[in-house]
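Notes follow once the structure below has been shown.
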Amino acid sequence: MTDLTKLTLADARKGLTGKSFSSIELTEAYLAAIEGANRKLNAYVAVTADHARQMANASDERRMAGVAGPLEGIPLGIKDLFGTKGFHTQAASHILDGFRPEYESTVTANLWRDGAVMLGKLNMDEFAMGSSNETSYYGPVVNPWRSEGSNAQLVPGGSSGGSAAAVSAWLCAGATATDTGGSIRQPAAFTGTVGIKPTYGRCSRWGIVAFASSLDQAGPIARTVEDAAIMLTSMAGFDAKDSTSANLAVPDFAAAVELGVRGLVIGIPREYRMDGMPDEIEALWTQGIAWLTAAGATVRDISLPHTKYALPAYYIVAPAEASSNLARYDGVKYGLRVAGKDITDMYELTRAKGFGAEVRRRLMIGTYVLSAGYYDAYYVQAQKVRTLIKRDFEDAFNAGVDAILTPATPSAAFGVGDEDMKADPVKMYLNDVFTVTVNMAGLPGIAVPAGKDHAGLPLGLQLIGKPFDEATLFAAGRVIERSAAMDFSPVKWW
1 MTDLTKLTLA
11 DARKGLTGKS
21 FSSIELTEAY
31 LAAIEGANRK
41 LNAYVAVTAD
51 HARQMANASD
61 ERRMAGVAGP
71 LEGIPLGIKD
81 LFGTKGFHTQ
91 AASHILDGFR
101 PEYESTVTAN
111 LWRDGAVMLG
121 KLNMDEFAMG
131 SSNETSYYGP
141 VVNPWRSEGS
151 NAQLVPGGSS
161 GGSAAAVSAW
171 LCAGATATDT
181 GGSIRQPAAF
191 TGTVGIKPTY
201 GRCSRWGIVA
211 FASSLDQAGP
221 IARTVEDAAI
231 MLTSMAGFDA
241 KDSTSANLAV
251 PDFAAAVELG
261 VRGLVIGIPR
271 EYRMDGMPDE
281 IEALWTQGIA
291 WLTAAGATVR
301 DISLPHTKYA
311 LPAYYIVAPA
321 EASSNLARYD
331 GVKYGLRVAG
341 KDITDMYELT
351 RAKGFGAEVR
361 RRLMIGTYVL
371 SAGYYDAYYV
381 QAQKVRTLIK
391 RDFEDAFNAG
401 VDAILTPATP
411 SAAFGVGDED
421 MKADPVKMYL
431 NDVFTVTVNM
441 AGLPGIAVPA
451 GKDHAGLPLG
461 LQLIGKPFDE
471 ATLFAAGRVI
481 ERSAAMDFSP
491 VKWW
């Protein structure tokens, strides 16, 4: 039998439907793969093997009874930010030690409704704060990819590094992820996988541990554009429990994948040609333009003039919202508690011990910009800039642009423990330079693997769409995927 873990989600679904294999066989194959790989990759922080087997057996029974959901029997990995009732949910943080919620996030509930199987919880940057998956309390995730001729460990990107690594290394058929400033698209680009951040409001935020509430959005990481479309169709939907959830019907995104781009206008923003951008990124972007043009799209240069302010504005808005959201973690009701001489001392000791260095840094930044005397100077100004960034995109779309093509990241994956990144946090933050605008404007964005650098590492292109027009991104992303025609499977070393 073909290695079941190497099947795309779409092919696994076909095999299950045709009864070539059962869900329990597929699940056991993934559990065996996780057992063999996780010590090296550290993609999972909790493997729910017994529960996965129960879900798979129940799925097989439903199929035998003639009742099968859209994801029936498909084994998935779940980012540790999603609340899973009765199972490890700690946002990869020490401060949530032992937390097992009494609720299920809406997104994961939707997946279980459609028949999916949970293999376990995936590693991530602590509270989703990071671009390399090195801030996790459980240690860094290792990218399945390596530079040609090198054994050096590389980061998978962040914050959804565990999700991206697990999909890339065949440790799940697909994975949930979240994106606050690029945390789906950047790790997808670093691992040769496909990741889409939907429009803000497309997926419910209820039951997902909050980082920055006006920016956070759930989405899938998968092996192909079609797989991502299938997953998003199940993940999305209106939820009355989330006041920002959009009350819109969910299209069959998989049906849009092969629509093509003929007649579409693709915008190329001149402001994304950054000083010092590597030649390989520039060449890949040029190649993407050629592919879309050859497929029948019209390419148009556009201007997004406030792009240069997006990253600094993001690193005011996101820490400010994190400062508010993470105030609830105090050691009183759940998670870690460090004893102190009084309650104030207990708060201080618990938070100092429970939060890692990057989370503490962002909480202090956020508290500072919200403090008296600085609120107007920083936070209010950043929100005004955010409005201008959103208007730039609106102007482009109103002028007839259907989607926008940019690089996904400024480079390929870098080394675990990179000294330059450790010494200067701003260098790490610059990994999000092409992605944060999408979150600031609430738009959908997809990263698709499109090429490789000089060391054989994957590089991605990003497509940005109109609000709630993820279908166009899937169609254009499929054109890039088909045109690249590359195998984005890492060489197994683990």
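Numbering follows UniProt numbering, in which position 181 of the sequence shown is assigned residue number 181; successive positions increment by one, without gaps. Idealized CB from N, CA, C, for every residue including glycine. Note that the structure is a prediction, hence the values are computed from the model and not measured.
Mind checking which residues open and close the alpha helix (DSSP H) that includes Ile316? Element bounds for Ile316: Ala310 to Asn325.
Just grab the DSSP bridge partners of Lys79 for me. Per DSSP, the beta bridge partners of Lys79 are Leu122.
Look up Leu336 in the DSSP assignment and give the residues it is bridged to. DSSP, once it has assigned bridges, lists no residue as partnering Leu336.
With burial defined as no fewer than 16 other Cβ atoms inside 10 Å of the residue's Cβ, what is the status of Ser303: buried or exposed? Within a 10 Å sphere around the beta-carbon of Ser303 sit fewer than 16 other beta-carbons, which makes this residue exposed.
Report buried or exposed for Met1, applying the criterion of at least 16 other Cβ atoms within 10 angstroms of its Cβ. Low confidence applies here, because Met1 scores a pLDDT of 49, under 50, leaving its location unreliable and the question unanswered by this model.
For Ile184, which of helix, strand or coil comes out of DSSP? Correct three-state label for Ile184: coil.
Just to check my reading of the structure: Ile95 and Gly340 have Cβ atoms closer than 8 Å, yes? What is that Cβ distance to the nearest angstrom? Cβ atoms of Ile95 and Gly340 stay farther apart than 8 Å, at about 15 Å.
What does a CB cutoff of less than 6 Å around Ala256 pick up in its chain, not counting 5 residues either side in sequence? Excluding the 5 residues flanking it on each side, Ala256 has same chain C-beta neighbours closer than 6 Å at Ala471, Phe474 and Ala475, in chain order.
Per the DSSP calculation, Thr178 is bridged to which residue(s)? Answer is Ala218.
Only counting the same chain, and skipping five residues up and downstream in sequence, which positions put a Cβ closer than 7 Å to that of Ser323? Cβ neighbours of Ser323 beyond the five flanking positions: Leu363, Gly366, Thr367 and Leu370.
CA-to-CA distance, Gly15 to Leu4, given in whole angstroms: If you take the alpha carbons of Leu4 and Gly15, they lie about 9 Å apart.
Whole angstroms is fine: what's the gap from Val433's alpha carbon to Tyr379's? Distance between the alpha carbons of Val433 and Tyr379 is about 20 Å.
Own chain, CB closer than 6 Å to Lys121, minus 5 neighbours either side, in chain order: Once the five neighbours on either side are set aside, the close Cβ partners of Lys121 are Val45, Ala46, Ile78, Asp80 and His88.
Buried or exposed by the 16-neighbour rule on C-beta atoms within 10 Å, applied to residue 497: In this structure the chain extends from 1 to 494, so residue 497 is not present and cannot be described.
In angstroms, rounded to a whole number, what distance separates the CA positions of Ala33 and Thr17? Between Ala33 and Thr17, the C-alpha separation is close to 23 Å.
Verify whether the separation of the beta carbon atoms of Leu111 and Leu31 is less than 8 Å. Result no, Cβ atoms of Leu111 and Leu31 do not sit closer than 8 Å.
Are Ala37 and Pro490 touching if we call contact CB-CB under 8 Å? No, these two residues do not count as a Cβ contact at 8 Å.
Three-state secondary structure assigned by DSSP to Lys6: Three-state result, Lys6: helix.
Hey, Ala254 and Ala229 are a contact pair by Cβ (cut 8 Å); roughly how many whole angstroms apart? At roughly 4 Å, the Cβ-Cβ gap stays under 8 Å, so Ala254 and Ala229 are in contact.
Which of the three DSSP states, helix, strand or coil, is assigned to Ala297? The three-state reading of DSSP puts Ala297 in coil, since its state is none of H, G, I, E or B.
Over what stretch of residues does the alpha helix (DSSP H) that includes Lys390 continue unbroken? Annotation: the continuous alpha helix (DSSP H) that includes Lys390 extends over Gln381 to Asn398.
Go through its chain and collect everything with a Cβ distance to Tyr138's Cβ below 8 Å, but skip five positions before and after it. So the list reads Asn42, Val45, Ala92 and Asn123, once near-sequence residues are dropped.
Give me the DSSP bridge partner(s) of Lys452. In the DSSP output, where bridge partners are listed per residue, Lys452 has Pro458.
By Cβ distance below 6 Å, which residues in the same chain neighbour Thr244 in space, the five residues on each side in sequence not counted? Closer than 6 Å at Cβ, skipping near neighbours: Gly201.
Rounded straight-line distance, which links the Cα of Val265 to that of Ala396: The straight-line gap from Cα to Cα measures roughly 11 Å.
Taking the alpha-carbon positions, what's the Gln153 to His454 distance? Rounded to whole angstroms, Gln153 to His454 spans 17 Å at the Cα level.
What does a CB cutoff of less than 6 Å around Gly195 pick up in its chain, not counting 5 residues either side in sequence? Ile184, Arg185, Ala188, Ile221 and Ala447, listed in sequence order.
Just to confirm, are Thr135 and Ser160 a CB contact at a threshold of 8 Å? Ser160 is positioned such that its CB atom lies no closer than 8 Å to that of Thr135.
If you check the beta carbons only, do Thr176 and Phe99 fall under 8 Å apart? No, they are not a contact pair.
Can you tell me the Cβ-Cβ gap for Gly356 and Glu126, rounded? I've got them flagged as a contact below 8 Å. The Cβ separation is near 5 Å, so the contact holds.
Exposure of Glu226, with buried meaning 16 or more beta-carbon neighbours within 10 Å: Around the beta-carbon of Glu226, 16 or more other beta-carbon atoms lie within 10 Å, marking it buried.
Need the endpoints of the alpha helix (DSSP H) that Gly477 sits in, please. Unbroken alpha helix (DSSP H) run through Gly477: Glu470 to Ala484.
For Ala310 and Val385, the rounded distance between their alpha carbons: Val385 and Ala310 have their C-alpha atoms roughly 8 Å apart.
Length at least 3, wholly inside the region 216–258: the beta strand (DSSP E) runs in chain order: Within the region 216–258, the complete beta strand (DSSP E) segments at least 3 residues long are 217–222, listed from N- to C-terminus.
Same chain, Cβ closer than 6 Å to Phe238, neighbours up to 5 away in sequence not counted: Correct list, in chain order: Ser245 and Asn247.
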